[in-house]
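Heads up, the sequence shown is in numbering that gives the first Met the number 0, so the first residue is 0 and it goes up one at a time.
All C-beta atoms in this analysis are idealised placements derived from N, C-alpha and C, irrespective of residue type, glycine included.
Input: a single structure, listed below in structure tokens.
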Amino acid sequence: MKGATGQQEDMFRSVTPPKKIGSKAYEQQVIDLRADLLKAQIDLGKTPRSIIVTIAGVDGAGKGEVIQLLNEWLDPRGLETHSFWNLENEVSQRPYQWRYWRALPPRGRLSIWFGGMYTNAIASCTQQESRSKWSQSKCKEIQAFEEMLRLDGTIHLKIWLHLGKSEQRKRLKDLTENPKLHWRATREDWKHHNLYDTYSDAAQHVLKCTHFPAAPWTVLDASEKSQRDISVGKALLACMERTVKGRRVGILQPTLEPSKKLQHNNQLDTVDLSQRLSGKAYQNSLLEWQARCHRLFWEAYDRSIPTVLVFEGWDAAGKGSAIKRVTGAIDARLYRIVCVGAPTDEENQFHYLWRFWKPLPAAGRVTIFDRSWYGRVLVERVEKFAKPEEWKRAYEEINAFEKQLLSQGTVLCKFWIHISPEKQMERFQKRLEVPYKRHKITDEDWRNREKWPAYEEAINEMIHRTDSPSAPWTVVAGNNKKFARIQILKTICGSLKKAVEHHKG
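This is how it looks when you write it as structure tokens:
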């Protein structure tokens, strides 16, 4: 049986009918196939690549049986299986893609996704009027997601198990009448069968929209179980062999155009660093704005509005002290602080954004990032930890990531705390003079200071490429810490107030 991987007018009718396999021939093919699969899995484990296997299809086609079989045939130590049908509170309170980022395989391993992101997509497209809207938004979102993972080394094998209407009815009827297996034919299955043509049209629409050159669909006729199982196994084997081979011969190189150097204004030069606030005026402002923030954070909690605060800035710019003044306005039960440093060994096994998806806040909660995903286009760019093509495409990846946050109704505030080189040197010297502050100054801080022009160029491009009306950057004048703290509190209050009022409306 051959998989239909072309975008024919009817992807289902073009599937090659199955040929029945005798039991002895099937057993021998399984023995050979399992040996080949295990060898390919071992080879995959030696590469920096990973594979997602999505098993989707019509009800009754045997998706669960196939996934069970793959778990038997493969080494479970290099394999995880994920289903997305039962959404827990934890999942439903976060951006849509959060559940899929949690299910990504580490490098050298596989993840099997039961339905993946396509089950909900098909249900959304059962109504004709919703298809156009879905095609214009979600389809592009899925394509960007799969392409981003591919460029990082995660290949997506997508398999659709198909049954014709009469074959599906026969399969469901046989299950219903079987005393031991009747539980496998649910009311939902029969409901979908009665709407077979509607669901089939919706499925075909989704498959065509998401049939990308880098992640095509393989459509298999599932009416003959033995042939179905062998075909799925062979498709996975071919995918693993291509993936392993790609590491050596470079067939999986990035296809995205690298970003061109833009002519942009020096955002940092426009900041008035002479702005100051001190004494009683500062104390009064601090109490006033902390009180406002406190009230607004609770209003956001009552309305299930999550908040993400991103703090970036020069070394010794005052990020830590600014964060302390912000947390002084939030009930301790509502927030968490994520201090971002070099990625751990575990984090290096995934796409660089993976570690930032994990701590995203639930509805009404607050996550504060002390440094963030912008390290990809700052320190990783300047210090050459990321290749040019990696940090150049990161701007689009970051914008897509933040779009996911905003689609969930998240309040997103991004701060760059700016100081002058002279002010940085002054603060470095003070840290050396105060015993309990000496730990704050490291050799790395001095090395970064020597690369000020390179960092300044990276910062300006970062702001230029990732600033938008819905996710703007606030460049904070940080030479005077007290002024900076109040500016940050005011900005947070403004964003929270806008979100709360929008929710009321």
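How is threonine 175 classed by DSSP in three states: helix, strand or coil?
Locating residue 175 in the sequence shown gives position 176, where the first residue counts as 1. Correct three-state label for threonine 175: helix.
What does a CB cutoff of less than 8 angstroms around arginine 324 pick up in its chain, not counting 5 residues either side in sequence?
As a working mapping, residue 324 is identified with position 325 in the sequence shown. Taken in chain order, the residues that qualify are Leu285, Gln289, Arg484, Ile487, Leu488.
Using 8 angstroms as the cut-off, can you tell me whether the stretch 160-172 makes contact with the stretch 21-37, which would need three or more C-beta pairs spanning the two stretches below that distance?
no
Boundaries of the alpha helix (DSSP H) in which aspartate 31 is found, first to last residue:
Residue numbering aside, residue 31 sits at position 32 when the sequence shown is read from its first letter. Element bounds for aspartate 31: 22-43.
Among Leu148, Pro360, Ala470, His155, whose alpha-carbon lies nearest the alpha-carbon of alanine 214?
As a first step, residue 214 must be located in the sequence shown, where it is residue number 215. Ranking Leu148, Pro360, Ala470, His155 by Cα distance to alanine 214 puts His155 first.
Can the beta-carbon of cysteine 124 be found closer than 8 angstroms to that of tryptophan 112?
For this step, residue 124 is matched to residue 125 along the sequence shown. For this step, residue 112 is matched to residue 113 along the sequence shown. No.
So, at 7 angstroms on beta carbons, what are the nonlocal neighbours of leucine 295 in its own chain, with the 5 sequence-adjacent residues on each side left out?
Start at 1 with the first residue of the sequence shown, and residue 295 comes out as number 296. So the list reads Cys492, Leu495, Lys496, Val499, once near-sequence residues are dropped.
Any contact between the stretch 267-274 and the stretch 357-374? By contact I mean 3 or more CB pairs, one from each, below 8 angstroms.
no
Considering only C-alpha positions, which residue in the set His417, Gln203, Gly245 is nearest to arginine 149?
Position 150 of the sequence shown holds residue 149. For arginine 149, the nearest C-alpha among the options comes from Gly245.
Apart from the five residues just before and just after isoleucine 121, which ones in its own chain have a Cβ nearer than 6 angstroms to its Cβ?
The residue you call residue 121 lines up with position 122 of the sequence shown. Once the five neighbours on either side are set aside, the close Cβ partners of isoleucine 121 are Ala201, Ala202, Val205.
Under the three-state reduction of DSSP, which class applies to aspartate 369: helix, strand or coil?
Your numbering for residue 369 matches position 370 in the sequence shown. In the structure shown, aspartate 369 sits in a strand (DSSP, three-state: E or B).
From Thr209, Lys480, Thr15, pick the residue whose C-alpha is nearest to that of glycine 278; which is it?
Residue mapping note: residue 278 aligns to position 279 of the sequence shown, counting from 1. For glycine 278, the nearest C-alpha among the options comes from Lys480.
DSSP three-state call for valine 205: helix, strand or coil?
As a first step, residue 205 must be located in the sequence shown, where it is residue number 206. Note: valine 205 maps to helix in three-state DSSP.
How many angstroms separate the CA atom of glutamate 425 from the CA atom of glutamate 432?
On the sequence shown, residue 425 is found 426 positions in, with the first residue counted as 1. On the sequence shown, residue 432 is found 433 positions in, with the first residue counted as 1. So the two alpha carbons sit approximately 11 angstroms from each other.
What is the residue span of the alpha helix (DSSP H) that phenylalanine 400 lies within?
Taking the first residue of the sequence shown as 1, we reach residue 400 at position 401. 387-406 is the extent of the alpha helix (DSSP H) around phenylalanine 400.
Going residue by residue through the stretch 306-373, where are the continuous alpha helix (DSSP H) segments of at least 4 residues, counting only ones entirely within it?
318-326, 353-356
Opposing strand residues paired with isoleucine 111 [DSSP bridges]:
For this step, residue 111 is matched to residue 112 along the sequence shown. Isoleucine 111 is bridged to Val52, Thr80.
Any idea what DSSP makes of leucine 210, helix, strand or coil?
Here residue 210 corresponds to residue number 211 of the sequence shown, with the count starting at 1. It is histidine, not leucine, that sits at residue 210 in the sequence shown. In this structure, histidine 210 counts as coil in the three-state DSSP scheme.
Using the beta-carbon count (16 or more within 10 Å), is lysine 139 buried or exposed?
Residue numbering aside, residue 139 sits at position 140 when the sequence shown is read from its first letter. Looking at its Cβ environment, which holds fewer than 16 other Cβ atoms inside 10 Å, lysine 139 is exposed.
For isoleucine 322, which option in Ala315, Leu333, Asp330, Phe310 has the closest C-alpha, if you only look at C-alpha atoms?
Locating residue 322 in the sequence shown gives position 323, counting from the first residue. Measuring from the Cα of isoleucine 322, the nearest candidate turns out to be Phe310.
Using a threshold of 8 angstroms, state whether the C-beta atoms of cysteine 412 and threonine 366 are closer than that.
What you label residue 412 is simply residue 413 of the sequence shown in a count that begins at 1. What you label residue 366 is simply residue 367 of the sequence shown in a count that begins at 1. Cβ atoms of cysteine 412 and threonine 366: not closer than 8 angstroms.
Could you check whether aspartate 220 and glycine 59 sit closer than 8 angstroms to each other, using their CB atoms as the reference points?
Taking the first residue of the sequence shown as position 1, residue 59 is located at position 60. Taking the first residue of the sequence shown as position 1, residue 220 is located at position 221. It is not a contact, given that the beta carbons lie outside the stated cut-off.
Classify cysteine 338: buried if its beta carbon has 16 or more other beta carbons within 10 angstroms, exposed otherwise.
Position 339 of the sequence shown, counted from the start, is the residue given in the question as residue 338. Classification for cysteine 338: exposed.
Separation of alanine 361 from proline 300, as counted between CA atoms:
For this step, residue 300 is matched to residue 301 along the sequence shown. For this step, residue 361 is matched to residue 362 along the sequence shown. Looking at the sequence provided, one finds tyrosine at residue 300 rather than proline. Cα-Cα distance, rounded: 10 angstroms.
Residues in its own chain within less than 7 angstroms of asparagine 478 by CB, not counting five upstream and five downstream?
Residue numbering aside, residue 478 sits at position 479 when the sequence shown is read from its first letter. Leu272, Ile418, Ser419, Lys422.
Leaving out five residues before and five after lysine 436 in sequence, what residues of the same chain have Cβ atoms less than 6 angstroms from its Cβ?
Translated into the one-based positions of the sequence shown, residue 436 becomes position 437. The answer, listed in chain order, is Arg430.
Taking Cβ to Cβ, would you say leucine 276 is nearer than 8 angstroms to phenylalanine 482?
Here residue 276 is taken as the residue at index 277 of the sequence shown, counted from 1. Here residue 482 is taken as the residue at index 483 of the sequence shown, counted from 1. A contact, by the Cβ cut-off of 8 angstroms.
Given alanine 508 as reference, the closest of Trp72, Asn85, Asn119 once Cα atoms are compared
What is shown of the chain runs 0 to 504, which leaves residue 508 out entirely.
Take methionine 10 as the anchor and find which of Leu78, Lys169, His210 has the nearest alpha-carbon.
In the sequence shown, the residue the question calls residue 10 occupies position 11. Taking only the C-alpha atoms, the option nearest methionine 10 is His210.
Tell me whether arginine 220 sits in a helix, a strand or coil according to DSSP, three-state version.
For the purposes of this step, residue 220 is identified with residue 221 of the sequence shown, where counting begins at 1. It is aspartate, not arginine, that sits at residue 220 in the sequence shown. Of the three classes helix, strand and coil, the one that applies to aspartate 220 here is strand, per DSSP.
Where asparagine 447 and alanine 385 are concerned, what is the direct C-alpha to C-alpha distance, given to the nearest angstrom?
Indexing the sequence shown from 1 puts residue 447 at position 448. Indexing the sequence shown from 1 puts residue 385 at position 386. Roughly 16 angstroms separates the two Cα atoms.
Taking the straight line between their C-alpha atoms, what separation do you get for leucine 174 and glycine 114?
In the sequence shown, residue 174 corresponds to position 175, counting from 1. In the sequence shown, residue 114 corresponds to position 115, counting from 1. Distance between the alpha carbons of leucine 174 and glycine 114 is about 21 angstroms.
Buried versus exposed call for leucine 180 [16 or more other C-beta atoms within 10 Å across all chains shown]
Residue mapping note: residue 180 aligns to position 181 of the sequence shown, counting from 1. Leucine 180 comes out exposed.
Own chain partners of phenylalanine 83 with C-beta closer than 6 angstroms, once the 5 adjacent residues on each side are dropped
Indexing the sequence shown from 1 puts residue 83 at position 84. Result list for phenylalanine 83: Arg98, in chain order.
For lysine 450, three-class secondary structure by DSSP
Position 451 of the sequence shown, counted from the first residue, corresponds to residue 450. DSSP places lysine 450 in coil when its eight states are reduced to three.
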